[in-house]
Amino acid sequence: MHGENQPQVTAADQYKGCQSLNVTNLPAQLGTPQFNLQWRGQNFSTPGPGSVTLLNGDRPQVIVVTSQTGVARTASGTDYSRLTPLPQGSQASVTGQDGDWLRLDYGGWIKADETRTLPSQAPPRSLIRSVGYQVFGDRTEMRFPLQLPVPVTVHQTEMGLTLSLYNTTAQTDTIRLDNDPIIRNLTWQQISPDRIDYYFTFKTHQQWGYDLRYEGTTLILSLRHPPRISSQPGNLQGVKILLDPGHGGSEAGAVGPTGYAEKDINLLISQRLANRLKSQGANVHLTRTRDEFVSLVDRQTQIAQVQPAIALSIHYNALPDSGNPNETDGISTFWYNAQAADLANFLQRYLVENLGRNSHGVYWNNLALTRPTIAPAVLLELGFMISPREFEWITNAQAQEQLVQALATGITTWLQQQR
0 MHGENQPQVT AADQYKGCQS LNVTNLPAQL GTPQFNLQWR GQNFSTPGPG
50 SVTLLNGDRP QVIVVTSQTG VARTASGTDY SRLTPLPQGS QASVTGQDGD
100 WLRLDYGGWI KADETRTLPS QAPPRSLIRS VGYQVFGDRT EMRFPLQLPV
150 PVTVHQTEMG LTLSLYNTTA QTDTIRLDND PIIRNLTWQQ ISPDRIDYYF
200 TFKTHQQWGY DLRYEGTTLI LSLRHPPRIS SQPGNLQGVK ILLDPGHGGS
250 EAGAVGPTGY AEKDINLLIS QRLANRLKSQ GANVHLTRTR DEFVSLVDRQ
300 TQIAQVQPAI ALSIHYNALP DSGNPNETDG ISTFWYNAQA ADLANFLQRY
350 LVENLGRNSH GVYWNNLALT RPTIAPAVLL ELGFMISPRE FEWITNAQAQ
400 EQLVQALATG ITTWLQQQR
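Mapping to numbering that gives the first Met the number 0: the sequence shown position 277 is 276, numbers consecutive.
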């Protein structure tokens, strides 16, 4: 995780731009473009690598998301930022294509193999007349009855949550919300003719996770209630905690000066921490309990299935080839969704102060094990394996016990502060 935020040196690359055309009398297939350049009195010409096709705005290509959660991005490539995953069943018009990436009408891009083209050529549009809700023991489900499944995004802050519905127009007069356990207020606004924003504010500053899905054409936003936490100091009776020992099996992770693999210390610390938390009454789930390979997707699936109060991924850090192991050490913490920010910052401060370790920082980072929305999810890098000085601390039995104690106490303290 070290050295990834360095500026990139600009090099020769592709130039991308836009050109407006009067397409009234143009054929649908324009063929291969020819690019001409005049520079210092010389003319250069080269054919384009592909062909140009004009899309008919009156008869758009309409797709439906077929994967469980369609990965939407800000542009056509995996290097671009992620948007809110599109729930399975979401429909949208295609407004452009770049290779195997499709640009959708609401602005996001998605891989074509996560979609299926529908026979309908009518642009997907919906009206919404009401919003309902249902309270369960551990969650509140907000129900948005639509005429068809539209693209959505979620923006979460420490103060609340905004749900945006695209290609949707409101015909709403009344929303009933009676003394919900977690929702303080719900308001909405038609931002544009094709977009509605719903604003949720909550009764506590800490949010405990959410999930989006479609049931037919009804969008379900599931908002999790706070876990029941005892007022007795140190008591975590019944609190579900997921621990994810990073790497495993053929994936060694970082390696120390002696060849000791990160995967082994990740598992050791996770198992000892699990035992400590269980002794306090917690219900602890480990994503692996032995030296085996577990894919990132499987780890995410376990978080979704277990639905813990919190999810912690345990790691130790590595350095890039240009890094200096004698000058780099410290603990770092990573979060992605706003609901995990307070937990990440608290654990970072607690570990650094109580263990006397250096801080390598708290980072917002789009990682597989910080992305889950069903619970506050944090990834911990507890030191640098390759640092000779820090490696001694990592492998010292007494220091390991102190680390486990600090982690358990930090987790317990943070949870009990949320009561």
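Positions of the beta carbon are idealized from the N, C-alpha and C atoms, including for glycine.
Predicted model, so just to flag it, every value in this text is computed and none were measured.
| Query | Result |
| --- | --- |
| Quick one: what's got a C-beta closer than 6 Å to S229's C-beta in the same chain, skipping five residues either side? | Q236 |
| V403: which of T217, S269, H284 sits nearest, CA to CA? | S269 |
| Pop quiz: F292 and E250 are said to be a contact at Cβ under 8 Å. What is the actual Cβ separation, rounded to whole angstroms? | 6 Å |
| Beta-carbon separation of L337 and T152 under 9 Å? | Checking the sequence, you will find Ala at residue 337 rather than Leu. Against a cut-off of 9 Å, the Cβ pair of T152 and A337 comes out as no contact. |
| Inspect the CB distances between the stretch 174–184 and the stretch 212–221 and report whether three or more fall short of 8 Å. | no |
| Rounded to the nearest angstrom, what separates Q299 and P46 at their Cα positions? | 45 Å |
| Determine the contact status of W108 and S75, defining contact as a CB-CB distance below 9 Å. | yes |
| Would you tell me roughly how many angstroms separate the C-alpha atoms of S278 and R418, rounded to the nearest one? | 21 Å |
| Could you check the C-alpha separation between K239 and P148 for me, to the nearest Å? | 33 Å |
| Where does W207 sit, in a helix, a strand or coil, going by DSSP? | coil |
| Based on the DSSP secondary-structure assignment, which residues constitute the bridge partners of I195? | L164, Q189 |
| If contacts are defined as beta-carbon pairs under 8 Å, then T332 and Q347 qualify, I think. What distance do you get, rounded to the angstrom? | 4 Å |
| Assign G355 to one of two classes, buried (16 or more other C-beta atoms within 10 Å of its C-beta) or exposed (fewer than that). | exposed |
| Can you list the alpha helix (DSSP H) stretches of 4 or more residues lying completely in the stretch 312–385, in chain order? | 340–354 |
| If you follow the beta strand (DSSP E) that G95 is part of, which residue opens it and which one closes it? | 90–97 |
| Using 9 Å as the limit for Cβ to Cβ distance, is S75 near chain C? | Checking the listed chains, one finds no chain C in this structure; it contains a single protein chain. |
| Distance, Cα to Cα, Y349 vs L379? | 13 Å |
| N472 to Q306, Cα distance in whole Å? | One cannot answer for residue 472 here, as it falls past the ends of the chain, which runs 0 to 418. |
| In the DSSP output, what is E481 paired with across the bridge? | Limits of the chain in this structure are 0 at one end and 418 at the other, which puts residue 481 out of reach. |
| For the pair the stretch 26–45 and the stretch 93–100, tell me if three or more CB-CB distances fall below 8 Å. | no |
| When DSSP builds the beta bridges, which residues end up paired with P244? | I313 |
| Do W420 and N364 have their C-beta atoms within less than 9 Å of each other? | Outside the shown range of the chain (0 to 418) lies residue 420, about which nothing can therefore be said. |
| Determine the closest residue to P86 out of T327, Q33, P150, T161, with distance taken between C-alpha atoms. | P150 |
| For T31, is the classification buried or exposed, using 16 other Cβ atoms within 10 angstroms of its Cβ as the cut-off for buried? | exposed |
| Return the first residue and the last residue of the beta strand (DSSP E) that K110 is part of. | 108–110 |
| Suppose you measure from the CA of I181 to the CA of L272; what does that come to, to the nearest Å? | 31 Å |
| Do the CB positions of P244 and N265 come within less than 9 Å of each other? | yes |
| Measure the alpha-carbon distance for H314 versus D263 and round it to whole angstroms. | 10 Å |
| Since F390 is in the alpha helix (DSSP H), which residue starts that stretch and which ends it? | 387–394 |
| When you compare each of G329, T372, L366 to V351 by their alpha carbons, which one comes out closest? | G329 |
| Suppose the cutoff is 6 Å on Cβ atoms and the five residues either side in sequence are ignored; what does the same chain contact list for A340 look like? | W334 |
| For the beta strand (DSSP E) containing N282, list its first residue and its last residue. | 282–285 |
| Sorted by chain position, which residues of the same chain lie with C-beta nearer than 7 Å to L126's C-beta, five sequence neighbours on each side aside? | Q146, T168, Q170 |
| Does the beta-carbon distance from A343 to L241 come in below 9 Å? | no |
| From which residue to which residue does the beta strand (DSSP E) around V427 run? | Here the chain has residues from 0 to 418 only, and residue 427 is not among them. |
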